[in-house]
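In UniProt numbering, the protein residues as written are 1 to 346. Report on the structure given below.
Structure follows, in structure tokens:
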């Protein structure tokens with residue numbers, strides 16, 4: 001893609017995100033979401049592969065429907081209350097429609113079907129944008145409207161997301177699909193706590209974005225789109241493979257690593273809200289995710305491929321690893337001791 005065109009699309013993406021997260025008026029928030037959708041479409045379909053075109057079409061249809069629902073929800077609320085302010089969402093019907101719209105935007109169960117397909121049809125770096133930057137505006141809208149939303153509905157959707165994200169990721173061999181189901185599972189953790197402690201949702205999102213970015217950049221350096229390619233990556237980048245294994249375990253939420261922090265705080269908050277059974281269920285469901293992260297980690301570092309492998313062993317990397325990968329990987333592994341500082345900022 002032409003560098004100038006790429007600059008325009010990425011700038012529009014950041015502009016749309018900034019407009020949505022800084023707006024108080026529903027129409028302005030909707031405008032930001034639309035700019036975001038239109039800016040990411042060329043980045044999804046830039047390879048002109050039929051699967052990429054299909055992914056862009058699916059993404060456009062789902063996001064257009066979700067944006068229409070956001071607008072419909074805000075208009076219904078304005079009709080009943082005369083308020084266009086995002087924080088003044090009081091009409092129950094509007095709250096219900098908005099929950100559905102933002103669930104579609106994010107890919108929460110039961111509106112999750114588009115996300116793995118779109119991610120599978122996109123390049124790795126575009127997939128990174130879809131998993132992190134594109135999730136930020138809907139998360140901020142959830143954050144601003146969280147007092148009005150139905151906690152029971154959000155808890156049910158969150159448990160289903162964690163369950164399905166774990167189950168459907170078990171049998172996948174494509175790294176992008178595995179990361180898509182991982183994203184759905186993490187969204188479940190964010191949605192379950194939004195009504196009780198919205199700041200924890202934002203903390204979870206920031207740390208999830210940090211770890212996912214490290215994983216996507218590592219996979220992009222290795223050019224690993226399938227598990228079979230990941231098995232031969234040790235010949236090319238042994239150190240990066242080892243660090244990828246640790247980052248994946250952090251994404252799974254194992255204790256000495258950064259990913260344990262949000263899960264620990266969310267379980268603690270749920271217990272304070274006298275929701276210990278819910279906390280137990282979501283903790284057990286996260287074991288499903290741990291299984292496929294362990295399988296990815298196993299493939300990237302422990303498996304020796306058979307000699308009949310179809311992949312030629314590359315002994316030199318085609319280009320040096322992005323320095324941001326190193327910074328993000330270190331942060332993905334070592335932020336747990338800094339948790340008192342992070343909590344004091346919250």
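Yeah, the Cβ is synthetic: ideal placement off N, Cα and C, and Gly gets one too.
Tell whether a beta-carbon distance below 7 Å holds between residue 118 and residue 160. In the chain shown, residue 118 corresponds to position 118, counting from 1. In the chain shown, residue 160 corresponds to position 160, counting from 1. Residue 118 is not a Cβ neighbour of residue 160, given a cutoff of 7 Å.
Would you kindly work out how many angstroms separate the C-alpha atoms of residue 20 and residue 32, rounded to a whole number? Counting from one through the chain shown, the residue named residue 20 turns up at place 20. Counting from one through the chain shown, the residue named residue 32 turns up at place 32. Roughly 5 Å between the two C-alpha positions.
Could you check how far apart the C-beta atoms of residue 286 and residue 259 are, in whole angstroms? I think they sit under 8 Å. As a first step, residue 286 must be located in the chain shown, where it is residue number 286. As a first step, residue 259 must be located in the chain shown, where it is residue number 259. That belief does not hold up - the Cβ atoms of residue 286 and residue 259 are roughly 10 Å apart, past 8 Å.
Look at the Cβ atom of residue 193, then the Cβ atom of residue 269, and state whether they are nearer than 7 Å. Translated into the one-based positions of the chain shown, residue 193 becomes position 193. Translated into the one-based positions of the chain shown, residue 269 becomes position 269. Yes, the Cβ-Cβ distance between residue 193 and residue 269 is below 7 Å.
Let me know the secondary structure DSSP gives residue 172 once reduced to three states. Within the chain shown, the letter at position 172 stands for residue 172. It is coil, neither helix nor strand.
Suppose contacts are defined by Cβ-Cβ distances below 7 Å. Is residue 354 in contact with residue 65 by that definition? Absent from the structure is residue 354, since the part of the chain shown begins at 1 and ends at 346.
Report the three-state DSSP secondary structure of residue 135 (helix, strand or coil). Taking the chain shown and counting its residues from 1, one reaches residue 135 at position 135. Three-state result, residue 135: helix.
Quick check on residue 324: buried or exposed, where buried means 16 or more other Cβ atoms within 10 Å of its Cβ? As a position in the chain shown, residue 324 is number 324, starting the count at 1. Its Cβ having fewer than 16 others within 10 Å, residue 324 is exposed.
On the CB-based measure, 16 or more other CB atoms within 10 Å of its CB, does residue 6 come out buried or exposed? Translated into positions along the chain shown, residue 6 becomes position 6. Exposed, because fewer than 16 other Cβ atoms sit within 10 Å of the Cβ of residue 6.
Would you mind sorting residue 345 into buried or exposed? The rule is 16 or more other CB atoms within 10 Å of its CB. As a position in the chain shown, residue 345 is number 345, starting the count at 1. With a threshold of 16 other beta carbon atoms within 10 Å, residue 345 falls short and is exposed.
Using the C-alpha atoms, what's the distance from residue 62 back to residue 114? The count along the chain shown starts at 1 and reaches residue 114 at position 114. The count along the chain shown starts at 1 and reaches residue 62 at position 62. Between residue 114 and residue 62, the C-alpha separation is close to 7 Å.
Compare the Cα-Cα distances from residue 10 to each of 42, 23 and 22 and report the closest residue. In the chain shown, counting from the first residue as 1, residue 10 sits at position 10. For residue 10, the nearest C-alpha among the options comes from 42.
Here's the rule: buried if 16 or more other CB atoms are within 10 angstroms of the residue's CB, otherwise exposed. What is residue 2? Mapped onto the chain shown, residue 2 falls at position 2. It counts as exposed.
With H, G and I counted as helix, E and B as strand and the rest as coil, what does DSSP make of residue 186? Counted from its first residue, the chain shown places residue 186 at position 186. In this structure, residue 186 counts as helix in the three-state DSSP scheme.
Closest by C-alpha distance to residue 45, when choosing among 301, 56, 36 and 38: Numbered from 1 along the chain shown, position 45 holds the residue referred to as residue 45. Looking at 301, 56, 36 and 38, the one whose alpha-carbon comes closest to that of residue 45 is 56.
Excluding the 5 residues flanking residue 145 on each side, which residues of the same chain have their C-beta closer than 6 Å to its C-beta? Position 145 of the chain shown holds residue 145. Excluding positions up to five away in sequence, the list reads 89.
Pick out whichever of 23, 342, 330 and 125 has its Cα sitting closest to the Cα of residue 251. The residue you call residue 251 lines up with position 251 of the chain shown. Nearest option by C-alpha distance: 330.
Whole angstroms are fine: how far does the CA of residue 91 sit from the CA of residue 98? Position 98 of the chain shown, counted from the first residue, corresponds to residue 98. Position 91 of the chain shown, counted from the first residue, corresponds to residue 91. Going by the C-alpha atoms only, they are around 11 Å apart.
Option nearest residue 291 by Cα separation, candidates 248, 257, 124 and 81: Locating residue 291 in the chain shown gives position 291, counting from the first residue. Nearest C-alpha to residue 291: 248.
Status (buried if at least 16 other CB within 10 Å, exposed otherwise) for residue 327: Here residue 327 refers to the residue found at position 327 when the chain shown is read from its first residue. Here residue 327 is exposed, its C-beta having fewer than 16 other C-beta atoms within 10 Å.
Beta-carbon within less than 8 Å of residue 207's beta-carbon, same chain only, minus the 5 sequence neighbours each way: which residues are those? On the chain shown, residue 207 is found 207 positions in, with the first residue counted as 1. Cβ neighbours of residue 207 beyond the five flanking positions: 258, 259, 261, 262 and 335.
Helix, strand or coil at residue 25 [DSSP, three-state]: As a working note, residue 25 is residue 25 in the chain shown. Strand, per DSSP.
Residues sharing a beta bridge with residue 46, DSSP: Within the chain shown, numbered from 1, the residue matching residue 46 stands at position 46. DSSP output for residue 46 lists no bridge partner at all.
Mapping DSSP to helix, strand and coil, what is residue 236? As a working mapping, residue 236 is identified with position 236 in the chain shown. Correct three-state label for residue 236: coil.
Opposing strand residues paired with residue 226 [DSSP bridges]: Numbered from 1 along the chain shown, position 226 holds the residue referred to as residue 226. Paired residues: 174.
Selected residue, minimal CA-CA separation from residue 26, among 50, 70 and 47: One-based indexing of the chain shown puts residue 26 at position 26. Considering only alpha carbons, the answer is 70.
If you drop the 5 nearest sequence neighbours on each side, which residues of the same chain put their C-beta closer than 6 Å to that of residue 23? Position 23 of the chain shown, counted from the start, is the residue given in the question as residue 23. Closer than 6 Å at the Cβ level, and outside the excluded window around residue 23, lie 29.
Nonlocal neighbours in the same chain, by C-beta distance under 6 Å from residue 168, ignoring five residues either side: Locating residue 168 in the chain shown gives position 168, counting from the first residue. So the qualifying residues of the chain are 181.
Reference residue 198, options 139, 277, 35 and 221, closest by Cα: Indexing the chain shown from 1 puts residue 198 at position 198. For residue 198, the closest C-alpha among the options 139, 277, 35 and 221 is that of 139.
Using the C-alpha atoms, what's the distance from residue 102 back to residue 96? In the chain shown, residue 96 corresponds to position 96, counting from 1. In the chain shown, residue 102 corresponds to position 102, counting from 1. Approximately 10 Å between the Cα atoms of the pair.
Report the option in 163, 218, 224 and 230 whose CA atom is closest to the CA atom of residue 243. One-based indexing of the chain shown puts residue 243 at position 243. Here the closest residue by C-alpha is 218.
Report the option in 51, 266, 148 and 298 whose CA atom is closest to the CA atom of residue 343. One-based indexing of the chain shown puts residue 343 at position 343. Comparing Cα-Cα distances from residue 343 to each of 51, 266, 148 and 298, the minimum goes to 266.
C-alpha gap between residue 271 and residue 151, whole angstroms: Position 271 of the chain shown, counting from 1, holds the residue named residue 271. Position 151 of the chain shown, counting from 1, holds the residue named residue 151. Cα to Cα, residue 271 sits roughly 15 Å from residue 151.
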